[in-house]
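Peer 1:
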Amino acid sequence: MSTLEKIKENIAEAINEALKKKAVSAADLVYPPRVEFGDLSLPCFGLAKELNKTAVATAEFLVGKIELNDVAVAAKAIGPFINFTFSKTKLAEGAIGEILNEKIKYGLNKIGKNKKVMIEFSNANTHKEYHVGHLRNIAYGDAITKILAANGFKARPVSYINDFGIHTAKTLWALQNFYKEEKSPQPPFVKGGSKGYFLGKVYVRACQELENNEAGKAEVAQIMKKIESRRGQEYKLWQKTRKWSIDGFAKIYKELGVKFERIFYESEFIDEGLALVAELYKKEFLIKSQGAIIADLEKCGLGVLVIIRSDGTALYPVADLALAEEKFKKYKVDQSIHVVDARQSLYFKQLFKVLELLGFKQELKHLSYDFVKLPEGMMSSRTGNVITYEDLRSLALAKAVEETKKRHKNWSEKKINEVSDKLVNGALKFEMIKVGADKIITFGLEQALRFDGCTAAYLQYTGARIKSIIRKTRNAKLATQIKYEMLNEAKESAIVNKLARYPEAVAAAGKNYAPDELAKFLFELAREFNDYYHAVPVLKAKTEVRQARLALISAVSQVIKNGLGLLGIEVVEEM
RNA sequence: GCUCCCGUAGUUCAAUGGACAGAACACCAGACUUCUAAUCUGGAUAUGUAGGUUCGAUUCCUACCGGGAGCACCA
């Protein structure tokens, strides 16, 4: 339990003792909106009812009865609230001491109790573009994985790549029909693009060419059947191009520093899925309708889920059912989380209902988030109205390099690139994460490429400033006995309060599946530090004060590092 | 038509049912012989409408008005 949690427990206990019954818990204590009110507050509205008094009278009645201690040193009734004030020294000693002692482990908890959770995200398609929509998915999924792990879950990140859908046939069709002239083993690159990027362009072409082209659509269906049969030239081409996409994904994951424990492919599960579907069809769990095989979920208010097309080819749920079985039986997960865009809410309700009807008892969760659109309108792979990951990254990198060079004329190319890389990862991820999952992101390029305001760069910069100060102490060890009573600036106690709340921020982010809450928390902490930085000198202070301030800012640096880490963002020593 | 999501400042976003609705961007005015100015300080503007529940509603409920998404062979 963290310092602050212990304090809250103690206060709740003291209140209960004063009342001679268990009336409040630590969770009833809230943080006052203004510093003048104190450090912690009990709203007395609930108690007032129990005691049959007004809330104001309750606060006044109770405040004198509460026994204080050496941490909670004052209690004052202000209207219907009882406001507690902490000993600044004790809180600083507890919180900073804890941070400097636990380091990277500060803020972790055991709420998850080793529950095994598989988090599936970055479910991209081969033969299509990887764009900013996928970026939101991967940033969110990765942050959720790390946050759940910090909350004591056994979080297992996996990805499920759809390499066997009709889109692959469309891309191959266009490749064969419109890119034949390209005899070289290298595909006709869009300047600077990878092969995977190129396939994305081919897919767009395919969609355009197939519009109102019935003959073409029939050819695509033929190609799909050939791919499914896993024989012939088309299958070979499928294998080759599939690898282009997969290599492209691997490169992206490496750049972003996102790791998966396992990457599943639809093509691995399709046969198992088809067998499962055949069995379910035999048992009349699935039925034939209009030539297709469906799950009729009308009774549950979920419409119908088409599983096999009327031409006999498989749809998405086929492999998804087999994959779910694999997760539960082989990987023995307690919970399966699917990080997928909100537009697929109905699909997941249907899929989960089918799994439930099949008798699976494990927890299934569709962690949905809203989509990313462009100022000009919806993104669409089909029309090519997208910002691809590669384009975005190279723009961001150019900007980061430019900004870094401007400030550090003597840095080597290597150092500039290393720092720029971290800035780019931070900028891209933070931009996607800082917004609540239920908000549509209208992706503005200019805004995304900013390095000021509420951005990762601001946090990284704050960290770098602190590191710079610490370097100037020539890495002299912190005094073993820090005199925390030296931290008596108002700005210092604001920072200490914030630091002490970090473990709660981690728990809340996990409970609500909300990395944005953590992002906001870190931004606020950094803002408080930067304000302090301008107002209060560290290195110039007298020895004992300097030691205490160094301990404080080291703790800030540690918490920024820990928090950003949970968002998948690295800190930098200098920038 | 049915279902779901969202309406807060010029813009993009905050606010476990709590005290005076906060930031960022943009705009204006300031702060680098002083620990990194990718920073800081100061300045104006906002809860779609109408009801209800509550001591208290941006938050919960109902209706309406806007915007978006989904609803059988895309994923």
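Residue 1320 is where the first sequence starts when you use my numbering, and the numbers rise one by one after that.
Every residue, glycine too, gets a C-beta built ideally from N, C-alpha and C.
1) Would you check if there are 3 or more beta carbon pairs closer than 8 Å linking the stretch 1593-1600 to the stretch 1437-1455?
2) So who's on the other strand from Q1654, going by DSSP bridges?
3) Go ahead and pull the three-state DSSP assignment for A1611.
4) Taking 6 Å as the limit between beta carbons, can you name the residues of its chain near Q1552, skipping five residues before and five after?
5) Is it buried or exposed, S1894, if we count other Cβ atoms within 10 angstroms and call 16 or more buried?
6) Kindly identify the DSSP beta-bridge partner or partners of T1707.
7) Between the alpha carbons of F1679 and V1673, how many angstroms are there, rounded?
8) Any contact of the stretch 1429-1444 with the stretch 1839-1852, i.e. 3+ C-beta pairs under 8 Å?
9) Whole-angstrom Cβ separation of Q1669 and L1616, contact assumed at under 8 Å?
10) According to DSSP, simplified to helix, strand and coil, what is R1712?
11) Using CA coordinates, which residue listed in N1849, I1418, N1816, G1745 is at the minimum distance from V1891?
12) Starting from the C-beta of G1703, find all residues in its chain whose C-beta is less than 7 Å away, skip the five residues before and the five after it, and write them out in chain order.
13) Could you tell me the alpha carbon to alpha carbon distance between K1557 and E1682, rounded to whole angstroms?
14) For the alpha helix (DSSP H) that contains I1785, what are its first and last residues?
15) In angstroms, rounded to a whole number, what distance separates the CA positions of M1543 and R1628?
16) Inspect the beta-carbon positions of I1801 and Q1866 and report whether they are closer than 8 Å.
17) Could you tell me the alpha carbon to alpha carbon distance between A1854 and A1391, rounded to whole angstroms?
18) Find the nearest neighbour of K1758 within the set K1733, F1690, E1709, judged by alpha-carbon distance.
19) What's the C-alpha gap between A1661 and V1705?
20) For R1549, report the span of its beta strand (DSSP E) as first-last.
21) Taking the C-alpha atoms as reference points, what is the distance between I1418 and Y1425?
22) Among residues of its own chain, excluding the 5 on either side of T1632, which ones have a beta-carbon nearer than 7 Å to its beta-carbon?
23) Compute the Euclidean distance between the alpha carbons of W1563 and V1864, then round it to the nearest angstrom.
24) Pick from I1463, L1605, E1587, F1472: whose alpha carbon is nearest that of K1429?
25) Whole angstroms is fine: what's the gap from I1582's alpha carbon to I1423's?
26) Going by C-alpha distance, which of A1537, R1549, Y1852, E1591 is nearest Y1780?
27) To the nearest angstrom, how far is it from the Cα of I1415 to the Cα of R1820?
28) To the nearest angstrom, how far is the alpha carbon of P1504 from that of K1489?
29) Mark R1455 as exposed unless 16 or more other C-beta atoms lie within 10 angstroms of its C-beta, in which case mark it buried.
30) Kindly indicate the opening and closing residues of the alpha helix (DSSP H) around T1862.
31) Taking the C-alpha atoms as reference points, what is the distance between R1790 and N1729?
32) Is the beta carbon of T1404 closer than 8 Å to that of G1357?
33) Between D1639, I1606, A1638, L1323, which lies nearest to V1623 when the distance is taken from Cα to Cα?
34) Note down, in chain order, each residue of its chain lying with its Cβ closer than 8 Å to the Cβ of Y1554, except the 5 sequence neighbours on either side.
35) Should Y1350 be labelled buried (16 or more other beta-carbon atoms within 10 Å of its own) or exposed?
36) Are the CB atoms of D1630 and A1540 nearer to each other than 8 Å?
Peer 2: Working from what's here:
1) No, they do not touch.
2) Answer is V1436, E1682, bridged to Q1654.
3) Residue state, collapsed to three classes: strand.
4) Excluding the 5 residues flanking it on each side, Q1552 has no same chain C-beta neighbour closer than 6 Å.
5) Per the sequence shown, the amino acid found at residue 1894 is Met instead of Ser. Burial call: buried.
6) DSSP lists H1450 as the bridge partner or partners of T1707.
7) F1679 and V1673 have their C-alpha atoms some 9 Å from each other.
8) The stretch 1429-1444 vs the stretch 1839-1852: no contact.
9) 6 Å between Cβ atoms; contact.
10) If DSSP states are grouped into helix, strand and coil, R1712 belongs with the helices.
11) When only C-alpha atoms are compared, the closest one is G1745.
12) Closer than 7 Å at Cβ, skipping near neighbours: V1523.
13) The question names Lys, yet the displayed sequence has Trp at residue 1557. If you draw a straight line from the Cα of W1557 to the Cα of E1682, it is about 35 Å long.
14) First-last of the alpha helix (DSSP H) with I1785: 1775-1791.
15) So the alpha carbons of these two residues sit roughly 12 Å apart.
16) When the beta-carbon positions are compared, I1801 and Q1866 come within less than 8 Å of each other.
17) So the two alpha carbons sit approximately 28 Å from each other.
18) Ranked by how close their Cα comes to the Cα of K1758, the residues K1733, F1690, E1709 have F1690 in first place.
19) Separation of A1661 and V1705 (C-alpha to C-alpha, rounded to the nearest whole angstrom) is 19 Å.
20) For R1549, no beta strand (DSSP E) segment is defined, and its DSSP state is neither H nor E.
21) For the pair I1418 and Y1425, the Cα-to-Cα distance works out to about 6 Å.
22) Counting only Cβ-Cβ distances below 7 Å, and skipping sequence neighbours, we find M1543, K1544, E1547.
23) Computed Cα separation, rounded: 59 Å.
24) That would be F1472, whose Cα lies nearest to the Cα of K1429.
25) Looking at the backbone, the Cα of I1582 and that of I1423 are separated by about 28 Å.
26) Of the listed residues, the one whose Cα sits closest to Y1780 is Y1852.
27) So the two alpha carbons sit approximately 12 Å from each other.
28) Because the pLDDT at P1504 is just 44, under 50, the model does not fix this residue reliably, and the value given afterwards should be weighed accordingly. Taking the straight line joining both Cα atoms gives about 21 Å.
29) Counting Cβ neighbours within 10 Å, R1455 comes out buried, since at least 16 surround it.
30) Boundaries of the alpha helix (DSSP H) around T1862: 1862-1885.
31) Spanning the alpha carbons of R1790 and N1729 requires a straight line of approximately 19 Å.
32) Remark: C-beta atoms of G1357 and T1404 approach each other more closely than 8 Å.
33) Of the listed residues, the one whose Cα sits closest to V1623 is I1606.
34) Taking Y1554 as the centre and dropping the five residues before and after it, the same chain places the C-beta of K1545, I1546, S1548 closer than 8 Å to its C-beta, in chain order.
35) Looking at its Cβ environment, which holds fewer than 16 other Cβ atoms inside 10 Å, Y1350 is exposed.
36) Note that the C-beta distance between D1630 and A1540 is below 8 Å.
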